[in-house]
Amino acid sequence: KVVSGMRRAVHQVTDHEISIPVMRKNGGTGKVSCTYRTEDDTAIAGTDFEAVEGTLEFAHQEMESSIKIKIHPRGRYELSEHFLVILDGPIKGGAKFDPDSDGGADACILTVIVEGENVSRERVDRLMNTLQAKWQKAKVGHSNWRDQFVAAVYVNGGEDGDDDDSLPDQSPSMMDYAVHAIAVPWKVLFAFCPPTDYCGGWLTFSVALLFIGFVTALISDLANLLGCVLEICGAITAITLVAMGTSLPDTFASKTAAIQDPYADASIVNVTGSNSVNVFLGLGLPWMMSSIKWQITGRDAGWDRRYAKDEDIAVDIRQGHGAFIVKAGSLGFSVGVFTVFALVCMGIMFARRSVYGGELGGPRITKWMTAIILCTLWIVYIGLSAWKALEDGC
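By the working numbering, the letter at position 7 of the sequence shown is numbered 37, and the numbering carries on one by one without gaps.
Right under this line is the structure:
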């Protein structure tokens with residue numbers, strides 16, 4: 031007797047071969063044989079498996095043989111497919127099929143089920159969950175980005191308090207409308223900065239840096255043009271108009287942080303950190319680029335006209351290859367004054383921490399006195415720097 035039944039084949043990502051055992055029972059005398067073939071069901075030959083047919087032979091005393099079938103890789107997630115392996119007659123050698131199996135006494139039928147691998151299914155599940163989470167985050171990002179433009183166009187971001195009757199009337203005032211009319215082009219421009227939902231916030235950081243660089247360059251050029259029109263020395267323009275134009279946004283940001291944050295870290299570090307960026311990056315980067323440029327191109331007619339006969343420049347530089355030159359002018363004096371006043375400010379911060387337990391806040395009189403002292407230091411610094419610049423004939 032030759033028996034049949036059902037066999038499962040696990041799907042893999044490459045062609046693989048399965049071996050289907052065929053057993054001979056109730057005796058092994060003599061040589062017997064029968065024909066075999068595959069038949070499509072939900073699995074299709076050529077797509078899901080390789081069709082085979084032929085003759086299966088059992089030698090004398092051989093109790094088991096096998097049929098080899100190649101299974102093709104195909105995307106199967108929850109889908110299971112099956113095809114048939116059929117043994118049929120006539121049987122040679124006196125054997126017969128098991129009448130209690132599929133096919134009865136005339137044939138022997140095996141159903142082969144091809145199903146997805148659990149490991150691959152789990153991998154697909156993880157991938158789908160990741161893609162779905164990223165898609166949901168992207169949809170939230172698209173919505174937030176659209177809301178940025180809506181808030182930029184409407185006065186006060188479109189929040190006038192009309193939707194909640196329990197709140198007091200918060201309709202925009204005439205001043206709000208006037209400020210909005212002036213700021214709306216900038217609001218719309220900066221609305222192009224993507225929200226933090228993209229790339230973990232790094233895209234926002236990068237685009238925001240580009241916008242900050244653009245605004246800083248614009249403010250610097252406008253301040254220099256204003257100083258030129260008002261016939262103000264370049265050094266004085268730098269420490270007044272340019273400095274105020276680039277530092278006032280940091281001042282407002284620090285004020286907001288001081289009000290909203292229970293600690294003074296954010297407000298103080300914002301000012302010191304932003305000015306560090308102004309000095310290290312704002313000066314270092316263009317000076318480095320200029321130095322590289324002059325090192326590559328060397329001196330030219332314009333350089334010679336400007337520096338070749340300048341007695342303030344060392345002879346070896348004037349007669350050499352050429353270099354990027356920035357005269358210090360009254361910079362040394364200004365840096366010295368600034369350093370002294372910075373140490374005074376640090377002393378005030380330490381004193382406030384020792385006496386009042388914090389760098390900001392405290393009694394009303396103390397707050398006003400600290401503010402007056404710091405503003406006075408700023409005014410004195412401008413006065414001394416401007417005096418030195420005028421004395422040097424800027």
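Cβ atoms here follow ideal geometry from the backbone N, Cα and C, with glycine treated the same way.
Y66: first and last residue of the uninterrupted beta strand (DSSP E) it sits in = V62 to E69
Taking V62 and F88 to be in contact with their CB atoms under 8 Å, please state how far apart those CB atoms are, rounded to whole angstroms.
-> 5 Å
Below 7 Å between beta carbons: does that hold for H112 and T77?
-> no
Give the single residue among I74, A125, R67 and A135 whose Cα lies nearest to the Cα of K98.
-> Comparing Cα-Cα distances from K98 to each of I74, A125, R67 and A135, the minimum goes to R67.
Under 8 Å Cβ to Cβ from A182, same chain only, skipping five residues before and after it: list those, please.
-> Excluding its 5 nearest sequence neighbours in each direction, A182 has C-beta neighbours in its own chain below 8 Å: V214, K217, V218, F220 and A221, listed in chain order.
Specify, as a first and last residue, the run of the alpha helix (DSSP H) that F241 falls within.
-> W232 to V259
Going along the chain, which residues of its own chain have a beta-carbon closer than 6 Å to the beta-carbon of K122, five neighbours each way excluded?
-> S63
Could you work out which residue in L278, A238 and S201 is closest to I249 when comparing CA atoms only?
-> L278
Do D155 and N186 have their C-beta atoms closer together than 7 Å?
-> no
By the 10 Å Cβ neighbour count, where 16 or more other Cβ atoms means buried, how is G191 classified, buried or exposed?
-> Here the model assigns G191 a pLDDT of 46, short of 50, so the residue's position is not dependable, and the following value carries that caveat. Under this definition G191 is an exposed residue.
Is the distance from the Cβ of C223 to the Cβ of A247 below 7 Å?
-> no
Roughly how far, in whole angstroms, is the beta-carbon of T59 from the beta-carbon of H90, given that I think they are within contact range, below 8 Å?
-> Yes, T59 and H90 are in contact; Cβ-Cβ is about 7 Å, under 8 Å.
Just to confirm, are L271 and G257 a CB contact at a threshold of 7 Å?
-> yes
From R283 to Q325, what does the alpha carbon distance come to, in whole angstroms?
-> Sequence check: residue 283 is Ala here, not Arg. Cα-Cα distance, rounded: 40 Å.
Mind reading off the beta-carbon distance from T276 to N308? Whole number of angstroms is fine, and I expect it under 8 Å.
-> Confirmed, Cβ separation roughly 6 Å.
Cβ neighbours of L407 in the same chain (closer than 8 Å, five flanking residues each side left out) | Only residues of its own chain outside the window of five on either side were considered, and among them F371, V374 and C375 have a CB closer than 8 Å to the CB of L407, listed in chain order.
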